[in-house]
Amino acid sequence: MGCSSNRKKSFFFKVSFLVYVFLLNKVVKAAVLGIDYGAEFLKISIVAPGRTPITLVINEISKRKTTVAVSFINQDRWLGEEAMNYQARYPEKVTTRLRELLGKSAKSDLVLDYKEKYKLPFEIQENNQGNGRETVEVFIDVENGSSGKQNGDGDGDDAIENNYSSHTIEELVATTLQYAMKIGTALGKGAIKDAVVSVPPYFSQTQRRALYDAADIAGLNVMALVSDVSCAALQWGIDKDFAKNETRNVIFYDVGSSHSSASLVEFGALSERRSKKTYGSFVVKSVEWNDEFGGEDLDVLLVNHFLDEFQEKHGSETNGKDVTKDKRAVAKLRKQVRKTKEMLSANKEAPVSVEGMFEDIDFRSTIDRATFEAKAEKTFQRMLEPLRRLVTVELPKLGLTLEDVEAIEVIGGTVRVPALQRLIDEEVLKDSGKSIDKRLDADEAVAMGAGLFAANMSTTFRMRKFGAADALPYGIDYQVVGGVDEDDEKNNKIALFNRFDAYPSRSKVTIENVTANEYILKTFIAAVKSGDESEDNVKEELVLPPAWSSADVATFNVSGIDHFREKYNNTEDGNVTVTFAMDPSGIFFVEKAQFEVIVTDMVEIPRPKKSKKMDDKKSKKNITIEEVETTAKATDETAATVSEDEKEEKEEEKEAAAPAEETTKEEEKKEDKEEKETDATDSESGKKEQAEEGEKESAEEEEEKPAASEETKEGEEKEEEEEEGKEEEEEDDKEEVYIPQYRERKRKFKHDLLVSESDNPIVQMTNAEILASKGKLEKLHAKDQAKRETEAAKSNLEAYIYSSRSKVRQDEDIEKVTTEEQRESHLQSLEDAEDWLYTDEGENANKTTYETKHKGLKDVSDAFIFRAQESSVRPESVKYAKKWIADTRKTIGTWKDKKKHIFANETEPLLQDIADLESFLEEKEKEQEAKEAHEDAAFTSKEVKSELSKRMTKYKKVKSKPAPKVEKPKTNSTGNATGKNSTKKNSKKDKKKGEETTAADEESENTSTPTKEEEDKEGGGRGEEATSSEEGSAADPPMPDEPGPTKKKSWFGKVFDKKEPEEAASGDL
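Here the sequence shown is numbered in the UniProt record's numbering, starting from 1 and rising by one per residue.
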């Protein structure tokens, strides 16, 4: 019994550069985000269809980075910069630096020291949900400003009733991720659910899993967790071309808010198998880090410096109170210190000023750059440790020197500190001729690289390939416990994944000749080896992830083996194969576990074909038989398989035998034909002796003779077949008895086994816990939405007060239609509403109250504005209506001559409606004359428009009544019009005469069909004209001296008459 490990070759990400034109799929998908989730700031890039290829998202105050903060003030939740606005007043209610608390035990000394070192004002407690998880939970008193753990479970409405709020660290991080989705959605113009999130290279398994839990709570689909190093490396190499055998080494030195790291990345080219095209790629070869010192340590250093100075200057004025213990004083000072640090990067001296810092004492001071650098010397040296180890230790291990490094790229906000840049050049890069590079944007490189990774994983965009492989920060060993020999159990720690192995990847562990029902596999963080093995001075150093107290990663229990062993007679030849995997996010898990067994048995060799005569018989029936192959199979009865050489020989024999078979078939056909001719001849000679019925009968007989010969032949063939069958049966009886032959067969069977995971440093959230946290955030989101709507209602009311006041005081039209008392009364109402807004009642009112007050004020103002508008609009509408009445009456009067098909019973009701409209206007004008300008009007312009529209609709309906159709003259069989030949000369005269005919004449003619005599008197009217145009092709040809026919005609041959000016003027106004 033994076990072995087989690591499969890791596979690359296929990452691609975004071209400037995106190719969308048929189904347009949403944008994707790249999230740089830092300890202090959040930066987001977006790749969206129809936008710039990739851009950084700005927040609601137009900043490119947002402080990671969540606060709870008066039961309201605030995020980002809005939360930081409350830090000076309510420091204990503002939570920051959330990422560094993920996946860590609240009991860990590292967490407690971290809170003390960075002076975090909010209270941290152990998760008290009773689920065995020891993660961080934050408790905040939402009313009186003091934090503390209260009675209750700290969840849901009970927490609010007890005036405190409790939130797990995953819920707070989920809130930040939701904020990232929110501002990304505003820019992407659509809901965004997919993102790549960057993490520090040293992030442990528990931290990565906790971040995934937070993303599930937030409703964010994390496509992958990618290290900061890989994001920056992709951003650096994406626009470069690499030759086939070219290698470039680049060092990335990152100094963020909470850590510093240095990485060696190897760039090169990969080629596709089919097309042989090359594309760029990179592999992270080595990573060094320090997770205890970052840019935030410089802030803390300045805070401690100025607190000591305040105590020296004003200690006697504080009545013995310690300013360092006051959270509000520290928060105020910390806010100003950040600005001071930034100023020192560009100036030799910077001030700090805090009003009312402690006990109403103002604090003002300055610090020069030299003093700052002297105090921060040790901090700078700790920040440089990763870069120094990479250059002095890791590069020699890989057989490299600084001369082999193309660039030293620096990223992270803290690298802007001049002292740090100077120390890099003086201590790390001295005598190498190298200097730091600043090609990448130190703040945005990681966010942009994460966006490129996200775009690659999305199917929405068209890209160019670029390979990328991240490196494992920790090696992992495994050990099989139970079911193995004691000697093996003591010494079977085997490497599963080595440190700096590229991932994603897989590794397979095989336990051979299993006899137990279950096996336990323990996994550990592998020790880091240093020194030369050949000189026996190898040292091992255990580098644990942050806040881990032991090297244990997880324990996997593989069970259910006996169930499958029983199926195979309790065999001891079976193996257990466990496949471990490291996914693209660097999360370690068991992909599958299987029981494998090889079953050996004997199977009968297929019996070869027996008869060659049967093959000849089938050949005669045009069925191709491979004779040579059949013969070979018959002679070699004991062969189980046929080798490749024998198959090739048989194929050649087949090709050689094919022509021979075709020749045999042709010869048989010829013999059959000769037999047919012989039979036909014999039958004909017999028939001739009896030919007494004449030539007709002999001819008929000759036609029947071939058919009879064919029937005779078929009968003979059947007899031959029966005889051959009898002969074959006799020969078969004479053959020897067939003895079956057998061969050995091996088959591998695989069965899935049960796998359970336990002994994790931090227990991951269950589905039920994730759903509960989701519900909790949904309630908070609903409260936030109600809060925003209330604020909008309050803002609208306040804005309306200012605008309405200005309009009432300055608008002359309103002054004309209102009295002094009306205006003063309304202005007083506006002033009272404004004063109410700044009272406690107005400050804490709900949305409905604001909207009700807004509506009451708006009704009065709108009445003033409406009267002012109507004072000018109403007279104009009346004037237009009266003009329409006069013009319409005049037009209707002309219809007696011009529109004879419109009768009096149609015009009289229309005229009566017009008269009613005229009476309505006169009556309303009299009522309006009796009213004052500040009173409500007797009628409005809208009423006039409504009444006028009714009459106009009726008028148009009557006016558009069509005239009766004119019947066309009948034509004779020759195609000419009856009573008159259609000549082109007459057609020309008719056209001229038709143009002179008035519209009134045309309408009167349409009322009755004209007779032939009337057409003659008129010299060929429209009826003849229509006939001539329709029958022009059938008329007599024109004389030589006559003009040719005109080509421009309407589709029915009629020439339209122009309207008289009087009728044209009577149209719609």
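Glycine included, C-beta positions come from ideal geometry on N, C-alpha and C.
### Query
Under 8 Å between the Cβ atoms of Leu948 and Ala886?
One-based indexing of the sequence shown puts residue 948 at position 948. One-based indexing of the sequence shown puts residue 886 at position 886. Going by beta carbons, Leu948 and Ala886 fall outside the 8 Å limit.
### Query
What distance in whole Å lies between the Cβ atoms of Ile914 and Phe864, which are believed to be in contact at a cut-off of 8 Å?
Working through the sequence shown from its first residue, we reach residue 864 at position 864. Working through the sequence shown from its first residue, we reach residue 914 at position 914. The Cβ separation is near 36 Å, so there is no contact.
### Query
Based on the DSSP secondary-structure assignment, which residues constitute the bridge partners of Asn575?
Position 575 of the sequence shown, counted from the first residue, corresponds to residue 575. Glu596, per the DSSP bridge assignment.
### Span of the alpha helix (DSSP H) around Trp78
The sequence position of residue 78 within the sequence shown is 78, counting from 1. Where Trp78 is concerned, there is no enclosing alpha helix (DSSP H), although the beta strand (DSSP E) it sits in stretches over 76-79.
### Query
Less than 8 Å separating the beta-carbons of Leu398 and Lys285?
Within the sequence shown, residue 398 is the residue found at index 398, counting from 1. Within the sequence shown, residue 285 is the residue found at index 285, counting from 1. Yes, these two residues count as a Cβ contact at 8 Å.
### Alpha-carbon to alpha-carbon, Val354 and Gln336
Translated into the one-based positions of the sequence shown, residue 336 becomes position 336. Translated into the one-based positions of the sequence shown, residue 354 becomes position 354. So the two alpha carbons sit approximately 7 Å from each other.
### Query
For residue 1070, which of helix, strand or coil comes out of DSSP?
Given that the chain is displayed from residue 1 to residue 1069, the structure contains no residue 1070 and the question cannot be resolved.
### Where the alpha helix (DSSP H) through Ser872 begins and ends
In the sequence shown, residue 872 corresponds to position 872, counting from 1. From DSSP, the alpha helix (DSSP H) with Ser872 extends over 847-893.
### Query
Can you name, in chain order, every residue of its own chain whose Cβ lies under 8 Å from the Cβ of Gln207, other than the five neighbours on each side?
Mapped onto the sequence shown, residue 207 falls at position 207. Contacts found: Leu102, Gly103, Lys104, Val199, Pro545, Pro546.
### Task
Specify whether the stretch 767-784 and the stretch 65-77 touch according to this definition: at least 3 beta carbon pairs, one from each stretch, less than 8 Å apart.
Three or more pairs of CB atoms, one per stretch, sit closer than 8 Å, so the stretch 767-784 contacts the stretch 65-77.
### Query
Using the rule of at least 16 other Cβ atoms within 10 Å of the residue's Cβ for burial, across every protein chain shown, is Phe588 buried or exposed?
Locating residue 588 in the sequence shown gives position 588, counting from the first residue. Counting the other CB atoms within 10 Å of its CB gives Phe588 a total of 16 or more, which places it among the buried residues.
### Query
Quick one: what does DSSP say Gln479 is sitting in, helix, strand or coil?
In the sequence shown, counting from the first residue as 1, residue 479 sits at position 479. Note: Gln479 maps to strand in three-state DSSP.
### Message
Taking contact to mean 3 or more Cβ pairs, one atom from each stretch, closer than 8 Å, check whether the stretch 240-256 and the stretch 490-507 are in contact.
### Response
Judged by pairs of C-beta atoms under 8 Å, the stretch 240-256 does not touch the stretch 490-507, as fewer than three such pairs exist.
### Task
Report all residues from its chain with a CB closer than 7 Å to the CB of Glu171; omit the five preceding and five following residues, and keep chain order.
The residue labelled residue 171 in the question sits at position 171 within the sequence shown. Excluding residues within five positions, the ones whose Cβ falls inside 7 Å are Ile217, Ser773, Lys776, Leu777.
#### Entry: DSSP-derived helix/strand/coil call for Thr940
Numbered from its first residue, the sequence shown carries residue 940 at position 940. The answer is coil: DSSP assigns Thr940 none of H, G, I, E or B.
### Message
Taking DSSP's pairing of strands, which residues face Gly103 in a bridge?
### Response
Taking the first residue of the sequence shown as position 1, residue 103 is located at position 103. Bridge partners of Gly103: none, in fact.
### Query
Is DSSP giving Val32 helix, strand or coil here?
Translated into the one-based positions of the sequence shown, residue 32 becomes position 32. Correct three-state label for Val32: strand.
#### Entry: Rounded separation between Arg97 and Glu409 - CA only
Stepping through the sequence shown from its first residue, residue 97 is reached at position 97. Stepping through the sequence shown from its first residue, residue 409 is reached at position 409. About 26 Å.
### Task
Whole angstroms is fine: what's the gap from Ala224's alpha carbon to Gly294's?
In the sequence shown, the residue the question calls residue 224 occupies position 224. In the sequence shown, the residue the question calls residue 294 occupies position 294. One C-alpha to the other measures close to 25 Å.
### Message
Quick check: what's the CA-CA separation for Ala442 versus Cys231?
### Response
In the sequence shown, residue 442 corresponds to position 442, counting from 1. In the sequence shown, residue 231 corresponds to position 231, counting from 1. A straight-line Cα-Cα distance of about 12 Å links Ala442 and Cys231.
### Beta-carbon proximity check, Thr318 vs Leu307, cutoff 8 Å
Walking along the sequence shown from the start, residue 318 turns up at place 318. Walking along the sequence shown from the start, residue 307 turns up at place 307. No, the Cβ-Cβ distance between Thr318 and Leu307 is not below 8 Å.
### Message
Short of 6 Å in beta carbon distance, which residues of its chain neighbour Lys34, apart from the five on each side in sequence? Order them along the chain.
### Response
For the purposes of this step, residue 34 is identified with residue 34 of the sequence shown, where counting begins at 1. Checking the sequence, you will find Gly at residue 34 rather than Lys. For Gly34, the CB contacts under 6 Å within the same chain, skipping 5 residues up- and downstream, are Ser45, Val196, Ala447, Ala450, Gly451, Ala454 in chain order.
### Message
Looking at the secondary structure, which residues open and close the beta strand (DSSP E) in which Asn290 lies?
### Response
Here residue 290 refers to the residue found at position 290 when the sequence shown is read from its first residue. For Asn290, the enclosing beta strand (DSSP E) has its first and last residue at 278-290.
### Task
Determine the direct distance from the alpha carbon of Asp141 to that of Ser261, and round the result to whole angstroms.
Taking the sequence shown and counting its residues from 1, the one referred to as residue 261 is at position 261. Taking the sequence shown and counting its residues from 1, the one referred to as residue 141 is at position 141. Looking at the two C-alpha atoms, the distance is approximately 38 Å.
### Task
With DSSP collapsed to three states, give me the class of Glu541.
Counting from 1 along the sequence shown, the entry for residue 541 is found at position 541. Glu541: strand per DSSP, three-state reduction.
#### Entry: Ile520 versus Ile598 - alpha carbon distance
Locating residue 520 in the sequence shown gives position 520, where the first residue counts as 1. Locating residue 598 in the sequence shown gives position 598, where the first residue counts as 1. Cα-Cα distance, rounded: 23 Å.
### Query
If we ignore side chains and look at the alpha-carbon of each, how far apart do Val226 and Glu591 end up?
The count along the sequence shown starts at 1 and reaches residue 226 at position 226. The count along the sequence shown starts at 1 and reaches residue 591 at position 591. Going by the C-alpha atoms only, they are around 21 Å apart.
#### Entry: Host alpha helix (DSSP H) of Pro386 (start-end)
Reading the sequence shown from its first residue, position 386 is the one you call residue 386. Segment 377-389, the alpha helix (DSSP H) holding Pro386.
### Query
Hey, Ala516 and Gly482: beta-carbon distance below 8 Å or not?
Translated into the one-based positions of the sequence shown, residue 516 becomes position 516. Translated into the one-based positions of the sequence shown, residue 482 becomes position 482. For the 8 Å CB-CB criterion, Ala516 and Gly482 form a contact.
### Query
Does DSSP put Thr459 in a helix, a strand or coil?
Looking up residue 459 in the sequence shown gives position 459. Thr459 falls in the coil class under three-state DSSP.
#### Entry: Presumed contact (8 Å Cβ cut-off) between Thr168 and Asn127, rounded CB distance
The residue you call residue 168 lines up with position 168 of the sequence shown. The residue you call residue 127 lines up with position 127 of the sequence shown. Contact check for Thr168 and Asn127: beta-carbon distance about 6 Å, within the 8 Å limit, so the pair qualifies.
### Task
Entirely within the stretch 778-816 and at least 4 residues each: give me those alpha helix (DSSP H) ranges in chain order.
Fully enclosed alpha helix (DSSP H) runs of 4 or longer: 812-816.
### Spatially closest choice to Ala180 from Leu56, Phe903, Lys883, by CA coordinates
Here residue 180 refers to the residue found at position 180 of the sequence shown. It is Leu56.
### Query
Using a Cβ-Cβ cut-off of 7 Å (strictly less than) and excluding sequence neighbours within five positions of Tyr738, which residues of its own chain qualify?
On the sequence shown, position 738 is the one that residue 738 refers to. Taking Tyr738 as the centre and dropping the five residues before and after it, the same chain places the C-beta of Arg607 closer than 7 Å to its C-beta, in chain order.
### Query
In chain order, what residues of the same chain lie with their CB nearer than 8 Å to the CB of Lys931, ignoring the 5 residues before and after it?
If you number the sequence shown from 1, residue 931 lands on position 931. The answer, listed in chain order, is Ala937, Ala938.
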